[in-house]
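A short worksheet on the structure shown next.
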Amino acid sequence: MKKKTIIVSAAIAVVVLGGAGAYAAMNNYLGNNVEVESVMATPQASAPANESGTTEGAENAPATAAVTADQLNGAWNIASGSKVYWSVTTSKETVNFVNEAVTGSWNVDLGDASAMTGEGVLDMTALDSGNGQRDGHVKGADFLAVDQFPQATFAAKSISGVPTEWTEGAAVPITIEGTMTVKGIDKDVTFESNAMYQGGQLLLSGTTKVTFADFGMTSPHTIVLETENDLSVQLELVLAKA
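Here UniProt numbering is used: the first residue of the sequence shown is 1, the next is one more, and so on.
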């Protein structure tokens with residue numbers, strides 16, 4: 001994969017200031033400070049068997065429940081707890097940016113896939129890598145230009161692979177194709193995703209890849225790191241029925 005070498009002021013700070021403090025500052029600037037968190041619940045470990053050979057608590061374990069079409073069909077809105085991650089891989093590690101300022105909707109129709117619609121809006125001023133100096137650089141005119149383009153959007157063209165039968169707490173693979181718009185530039189993308197109905201909510205986890213060039217940018221620069229041209233975009237969404 002093609003890479004580009006790039007320059008940042010944090011590396012110069014190490015040379016000028018020296019010492020562990022300067023190294024820590026550079027590491028904070030160049031390194032990852034955000035961990036990706038999935039909205040999908042982690043399956044619980046199996047309970048230990050007791051002396052009789054039965055599994056402790058098994059008699060109290062809830063049976064998996066089928067989810068009805070009435071529970072799923074209709075309008076769903078992106079709710080609190082939703083996040084969108086933007087990730088770039090450098091020669092040091094993968095650096096994640098998180099954005100919790102996401103709104104949007106998903107209209108579900110299990111009987112007619114062509115009737116399904118989905119859209120999302122991101123407030124790009126809320127993008128956060130855990131380092132304010134780096135965030136300001138990325139949001140500036142050389143890259144995202146958030147003063148001029150404060151929002152990024154996604155509009156689904158098709159949502160395929162959605163099954164007619166769902167089980168509470170079970171992930172189902174789906175494919176979402178649509179148009180992502182960043183800095184006023186449109187890019188067709190495909191999110192390979194998993195959806196889950198759990199506790200009255202719809203959970204959606206999906207990923208796609210774009211490049212800096214797709215949106216008129218070059219990869220950020222540093223003396224000490226190389227940066228891949230690809231950006232990973234990951235949806236971790238919680239939706240509540242409207």
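Just so you know, even glycine gets a beta-carbon here, dropped at the ideal spot from N, CA and C. These numbers were taken from a predicted model, which means no experiment stands behind them.
In this structure, does DSSP put residue i in helix, strand or coil?
i	result
Gln201	strand
Ala126	helix
Asp70	helix
Leu231	strand
Lys241	strand
Gly161	coil
Ser46	Low confidence applies to Ser46: its pLDDT is 37, below 50, so where it sits in the model is not reliable enough to give any reading.
Going by C-alpha distance, which of the options is nearest residue i?
i	options	result
Val98	Ser193, Gly111, Ser82 and Val108	Ser82
Thr227	Thr94, Ile78 and Gly132	Thr94
residue 269	Ala69, Thr179 and Gly169	Residue 269 falls outside the range modelled here, since the chain spans only 1 to 242, and no answer is possible.
Asp112	Ala152, Gly74, Ser87 and Thr89	Gly74
Thr103	Gly120, Lys92 and Val88	Gly120
Leu204	Phe215, Met217 and Pro173	Pro173
Lys187	Gly206, Glu165 and Gly216	Gly216
Thr164	Gly31, Val36 and Ala66	Ala66
Gly206	Glu192, Thr218, Gly199 and Glu35	Glu192
Val36	Phe143, Asp147 and Glu100	Glu100
residue 320	Lys241, Thr218 and Trp76	Here the chain has residues from 1 to 242 only, and residue 320 is not among them.
Ile185	Phe149, Val138 and Thr218	Phe149
Val138	Lys241, Asn229, Ser219 and Ala240	Ser219
Can you give the beta carbon distance from residue i to residue j, rounded, assuming they're within the 8 Å contact cut?
i	j	result
Met116	Ile159	4 Å
Ala156	Gly178	4 Å
Are residue i and residue j touching if we call contact CB-CB under 8 Å?
i	j	result
Leu231	Thr211	yes
Leu72	Val39	no
Gln201	Val238	yes
Ala145	Lys183	yes
Met124	Phe154	no
Val189	Thr175	no
Gln151	Leu122	yes
Asn194	Gly130	no
Val233	Trp86	yes
Gly169	Thr64	yes
Gly31	Lys92	yes
Examine chain D for any beta-carbon lying closer than 8 Å to the beta-carbon of residue i, and answer yes or no.
i	result
Phe143	This model lacks chain D altogether; it includes just one protein chain.
inquiry  = List, from N- to C-terminal side, the beta strand (DSSP E) runs of 3 residues or more that fit wholly inside the region 166-218.
reply    = 172-182, 185-198 and 201-211
key: Ranges of the beta strand (DSSP E) found wholly within the region 86-145, counting only runs of at least 3   = 94-99, 102-108 and 117-123
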